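**Student:**
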Amino acid sequence: MTAAAGIDFFRSGALPAPAVDQAAAERIAAAQFGLAAHARPLGSQQDSNFLLTISDSPASDSTVSDNPGSDGVVLGVLKISNPAFSAAEIQAQDAAAEHLAATVGGLRVGTVLHGPVTVATASGPAAARVLRYLPGGTLTGPGYLAPAVVAGLGTIAGQVSRGLRYFTHPGLDRVLQWDLRHADRLVARLAGQVRDPGLRADVQDAARQAWSRVQPLAAHLPRQAVHLDVTDDNVVCRTRDGLRTPDGVIDFGDLTTTWAICELAVAITSVLHHAGAEPYSTGPAIRAFHQLRPLSFEEAAVLWPLVVLRAAVLVVSGEQQAAIDAGNAYVTGALDHERQMFAQATSVPADVMTALITGELGFGHPPLRVPGGSALRPGRCEILDLSSQSDVTDAGAWMEPELADRLATALLAGAGPAGLDAVATRFGEARLAASQVLAEVSPATVATGVDVWLGRPAELTAPWPGELTSAGPDQLVLTGSGLALTLSWNGSGREVAGREVAAGAKLVTLAGGSRLRVNLRAATAPPMPPLVRPEYARGWLALAADPAPALGLPPALGRPAGLGMPATWDKPEEDLLARRDRSFAAVQELYYRHPPRIERGWRHHLAGTDGRVYLDMVNNVAVLGHSHPRIEAAVARQLRRLNTNSRFNYSAVVEFTERLTALLPAPLDTVFCVNSGSEAVDLAIRLALAATGHRDVIAVREAYHGWTYASDAVSTSTADNPNAVSTRPHWVHAVDAPNSYRGRYRGAEARRYAQEAAQLIAGLAASGAPPAAFLAEPFYGNAGGLALPDGYLAEVYAEVRHRGGLAIADEIQVGYGRLGEWFWGFEQQGVVPDIVTVAKAMGNGYPLGAVITSRAIADSYRDQGYFFSSTGGSPVSAVIGLTVLDVIRDENLQANAARVGAHLKARLAELAGRHELIGAVHGSGLYLGVEFVRDRGTLAPATQETMAICDRMLELGVIIQPTSDRMCVLKIKPPLCLDTAGADFFADALDRVLTQGW
Ligand code: PMP
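The opening residue of the sequence shown carries number 1151 in the working numbering; numbering runs sequentially from there.
1) Under 6 Å Cβ to Cβ from Arg1709, same chain only, skipping five residues before and after it: list those, please.
2) In angstroms with no decimal places, state the Cα-to-Cα distance between Ala2139 and Pro1705.
3) Can you confirm whether Pro2124, when its beta carbon is compared against all beta carbons of chain B, has any partner nearer than 8 Å?
4) In three-state terms, what does DSSP make of Thr1432?
5) Within its chain, find whatever has a CB closer than 6 Å to the CB of Ala2059; leave out the 5 residues flanking it on each side and keep chain order.
6) Could you check whether the Cβ of Asn1889 sits closer than 7 Å to any heavy atom belonging to the ligand PMP?
7) For Gln1241 and Leu1442, what's the separation of their Cα atoms in angstroms?
8) Pull up the distance between the alpha-carbon of Gly1566 and that of Arg1530, whole angstroms please.
9) Flag this pair as touching only if the stretch 1756-1772 and the stretch 2015-2029 have three or more C-beta atom pairs under 8 Å; answer yes or no.
10) Identify every residue that forms a DSSP beta bridge with Ile2002.
11) Is the CB-CB distance between Ala1425 and Gln2146 below 8 Å?
12) Give, in chain order, every unbroken run of the beta strand (DSSP E) that is at least 3 residues long and sits entirely within the stretch 1714-1782.
13) Let me check understanding here. Comparing Cα to Cα, which of Ile2110, Phe2135 and Ile2099 lies closest to Leu2144?
14) How many angstroms separate the CA atom of Gly2051 from the CA atom of Asn1770?
15) So if DSSP puts His1883 in a beta bridge, which residue, or which two residues, is it bridged to?
16) Using the three-state DSSP reduction, which class does Trp1690 fall into: helix, strand or coil?
17) Give the secondary structure of Glu1899 by DSSP, where H, G and I count as helix, E and B as strand, and everything else as coil.
18) For Glu1852, verify whether its CB is less than 7 Å away from any heavy atom of the ligand PMP.
19) Within 10 Å of its beta-carbon, does Asp2009 have 16 or more other beta-carbons around it, so buried, or fewer, so exposed?
20) So what's Leu1326 in DSSP terms, helix, strand or just coil?
21) Check Tyr1316 in the structure and name its three-state DSSP category.
22) At which residues does the beta strand (DSSP E) containing Phe2082 begin and terminate?
23) Identify which residue in Tyr1891, Ala1175, Gly1918 and Val1824 has its Cα closest to the Cα of Pro1939.
24) Could you give the distance in angstroms between the alpha-carbon of Tyr1430 and the alpha-carbon of Leu1756?
25) What residue range is occupied by the uninterrupted beta strand (DSSP E) comprising Ala1229?
26) Assuming Ala1594 and Leu1681 form a contact by the criterion Cβ under 8 Å, report the distance between their Cβ atoms to the nearest whole angstrom.
27) Would you mind reading off the limits of the beta strand (DSSP E) that contains Pro1275?
28) Do Leu1456 and Ile1507 come within 8 Å of each other at the CB atom, strictly closer than that value?
29) Taking 8 Å as the threshold (C-beta atoms), are Leu1378 and Leu1422 in contact?
30) For Gln1494, I'd like the list of residues in its chain whose CB is within less than 7 Å of its CB, leaving aside the five on either flank, ordered along the chain.
31) Would you list the one or two residues that DSSP bridges to His1249?
32) Which residues in the same chain as Trp1752 place their Cβ atom closer than 7 Å to its Cβ, once the five residues preceding and following it in sequence are excluded?
33) Just to check, is the beta-carbon of His1855 closer than 7 Å to a non-hydrogen atom of the ligand PMP?
34) Looking at Val1224: is its Cβ nearer than 8 Å to the Cβ of Thr1203?
35) Kindly indicate which three-state DSSP category Tyr1930 falls into: helix, strand or coil?
36) Mind listing, in chain order, the continuous beta strand (DSSP E) runs of no fewer than 3 residues lying wholly within the stretch 1562-1610?
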C-alpha cells in the first residue's frame, strides 16, 4: 500500500484534541469570522468544537438537546480540526457535506458557513471553520431508542451511503483508526492500553475471531466514500408530537474511502449502549439501510463481525485517548458506553447474528446436510408438544417447573402393556413450558434440539463416522461429516471409550427412564444452549438441524406453526396478519402495529406463541382472569346437558336473574338478558322511550356506549369516531364531559357541570321536548377512570325525573366489583338509577349482557311487542353468569380489586412525583387511569407519547392501551385477580420507561 496523502494513524499515533479554551475560541470567532459570540465547548474526541451563540444571550443547555424551539440565537459550531489533518482532508469533508446537502432531499446536513482558515493553537496551526448548526438535538446519551428511531438512524446511514457512492476527492486518501479495514492491526496496536486484563483478552479474542470472518470476504466488499461516523452522536432529529425522527447528519471528520458496509456497521454499533438495547435492537436500522442501499450477501455476512470490530476499536481507542487526554471529559465519559457496546456486540455469537441478518434480508441459509444413519431406533415413540397451543399447557400447567419431566414420565408409565420406547420433544419449538411470568426480557423458550426420555435401556450408536470428544461426564460430541452431534444425559450411562469411531459404533448405554438431550449443529457453529430467546431463534436454528431423524424419530413437521418472533424478524406472524387483512373487515383494528400472536391466557397473563408471557392490564372483560377452570367446567357441563333459548322453562336463567337483582337496590328487580353491552344500551334507550313517551336522550360528551344504531347515537367519543359530535341524530343532546381534571370546570367549580346539564334538560322540557333519559357511565371509564364530581348524578337524575325522564347508568365497564369499594359505579355517587346496563365482566369474555330495571318500566315495553333474544339468557349464558358471580364472591375479587388497586394507585402516585409527564392518576380499585400531559400547566395531552409508551411497555412484557378523547390516559383495567407482584411489575416497567425514554 502506498503512503496515504492524508493522516496515517499508524504513523502519527494518538491524536489529542487541539488545546483551545473557551476564550481562545471566542477570539477566533471574532477575529477570523467577525462573530461576536459566546463559545460553549461541545464534546469531541479528536477536534475542538464550540457552540457559538450571540454573546449577550448564551444558549441554554436545552439548545443543543431536545428543544428546537429555543435555538434562535445560535450562530453555528466553531470547529478547530486536529492539526494532524491536511487541508485536502478538510476540503474533502466540506465538499462531501455540500454534496449531500445538494443531492439528498429531506436530509439536513451540517455544511460549512465560514472558513476554513488556519489558526494558531497551543497544539500548532489548525484549520478552523464555522459549521451550520442543526437544531433539534441528537440521539446522544444512554436513553432508550425506539425501533422507529433506530430505523431512522439506518435511513440516514443509507441516505449518506447512497449519496456518497460516486463522491471522490483526494482528501479521502487517509488511514484512520476508525477505518475497519485496519481494525485488526489497530486492536493489536492499542490493546495494551486496556487496563482490565479480562476485558483486554476478551477484546483481542473477539477482534481476532471477527477479523477471521471478514478477511476471506474482504475482496468482495465494495468501497466508496464513507462518512464513518453516522452515530447517535451525529444524527440530528426533528421532534414532532413529542417523538424524535432523525433527519440530519453532522461531523464529517472521519470521512474516508473504505468498505461501504462500514457506514451501517458504525451506525448500528452506536445503538448498543442505549437503555435496553441488545443486538436484535439494531434490526430496524439494518432493514431501513437495506431498503435504500441493498446489501450484498457478502456485506450482510460481514456486518456483525464489523460491529464487533467497531466496538473493539472503540474500546481500545477510548482507553488510549483517556490515557493521553485525561482532561477530555467527552473521552472519559464515553468509556462506559464503549464497554457496553462491546459487551452487547459479543453477547450473541457473531455467526448467530450473521445467520439472523442474512435470513432477515432474504438471503436464506442452505439447510445442513445430514447423512442417513441413526443413533437410536425407538420402536414406539410419543411426541410431547410443549408449545402454547398444546393441551398439556392448559390451566397454568406451563408454570410448573418440571412439567416436561413429569409428563414424559407419566406417558412412559401409562403406556400400557406394549410400553413406549421413548417420549421426545420437538426441535425448534417455542416452549411455553420454559417461559416465565413478569419478565422484562423475553426468556429463552425455543428448543435448539430435542429431549428424549427412554422407556427402556437403550444403546446409542454413531449415526455416521467421526471424532468423539467429551465436554463433561455425561456428554459426548461426535464431530464428523461437517456436523457436531451433542448427546448429554442424566441418569446412569456407560460411555464407550475411543476417539475415532465408525458408523454404528457403540457410544453409550443408557438406563430406562434416562433423559437424553440431543443437539445437531454445523461443526463450525458455536455450542448451543438447549433453549434460546425467540428474537435470536432464527439465527441459532439456521446453524442447527433437527436431530430427530438421526435418532430414528419422526422429524418435527417443518418449523412449528406457533413459532413466533418479534415482528422485526418475524415472518410467520406477518403471514397470519396478512390472512387476517384479507378476510376480516379492516375497521376492526388491532391493538398494536406489530401485535404478538397470542393463543393462550391464564389468570392475568397472556402468552405469545413465541413463549413470551405478557402481563395483561387491559382485559376488563376477563374479570376473573383468563381460562378460569370453573367457567370451563360449568360451560362444558351445561353444553353436555342443554343449550336452548329462554322461551323454554329451565332453572339457570331464573337463578341467574334472581342473583342479579339481589345485587341491586329496589326497585331494580327485573332483568332482560341480551348478548352485549351495545344491545343492553340499545334496549335501555328503547325502554326509556317506551316508558316515558318522550323522544329525546341526553348523553355525556366523550362517551362510548356501543355500536348499534341507538347505542352509537349516544356515543360521543371522538377517539372512537372523529365525527361523533357533529353526526349525532337530532334526538341526542350532549352535555359537557364532567371532567374535573381538565374540563371547563375544575376542582370545586366542577359542580357547575351538573347545573349546566340540569339547565339543558329544563330547556328541552320548556321547548316541548322533555328527554326520555339521561344516560351516562356513573364513573367515567371512557375518559380514563375519573370519578364524576360529587353530587353530579343526584342533581342531574333529579332534574331528568322532574321532567318525566329516566336515569340510565351504563355499568358495562366500571360495574361488577372493579371499583373495589363499590360493586356498582352509581353507589359511588349515592344514587339509584332507573335502568342499569351490564355486560363485559358479566360473562368473563363470553357474550352476555343485561338490562335491569323496575317491573313498571319493564312492563312498558309491552307496547313494542314482545322481547326475545335468541341466546340472551340461554342455559349456557345463564350458567356462565352465575359462575362468574360465584367466583367473584368465592375468590374475594372485589376486595382484591380494592387492596391491589390501592397499592397500585399509591405506586403510580409516587411515580407522578418523579415523572413530569404524569399529570394525574385517576380511578378506583382496578379501574385506574394514568394521564400523560406535556405540560402540567396547560395540560397539553401527550397523545403520541402515550402510544409510544404503550409500545415500549409491550417490549417490557406489559399489555396496556390508551383511552380518552385525547388518547393520553393509560387505561388500567386488568382481570381482578391481579396480585401485588403483577401491580409492582407494571409500576416498575412504567417507571423504567418514563426514566429511560420511549
Ligand atoms: N358501554 C360502555 C361504557 C362500554 O365501554 C362498551 C364497550 N367498550 C359498551 C357499552 C359496548 O359494549 P359491547 O362491546 O359489549 O357491545
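By construction, the Cβ of each residue, glycine as well, lies at the ideal position given by its N, Cα and C atoms.
Quantities reported herein were computed from a predicted structural model and do not represent experimental measurements.
**Tutor:** Walking through what the data contain:
1) Note that Arg1709 scores a pLDDT of 48, beneath 50, so its modelled location is shaky and nothing firm can be said.
2) 40 Å
3) No chain B appears in the structure shown, which is made up of a single protein chain.
4) helix
5) Val2071
6) no
7) 27 Å
8) 12 Å
9) no
10) Val1821 and Val1986
11) yes
12) 1748-1752, 1755-1758 and 1763-1766
13) Ile2099
14) 13 Å
15) Ile1848
16) helix
17) helix
18) no
19) exposed
20) coil
21) coil
22) Tyr2077 to Phe2082
23) Tyr1891
24) 23 Å
25) First, the residue type needs correcting, since residue 1229 is Lys and not Ala in the sequence shown. Here the beta strand (DSSP E) through Lys1229 covers Val1224 to Ile1230.
26) 4 Å
27) Gly1274 to Leu1281
28) no
29) no
30) Leu1422, Ala1427, Glu1428 and Pro1429
31) Looking at the DSSP assignment, His1249 forms no beta bridge with any residue, so it has no partner.
32) Gly1546, His1776 and Ser1777
33) yes
34) yes
35) strand
36) 1572-1574 and 1599-1604
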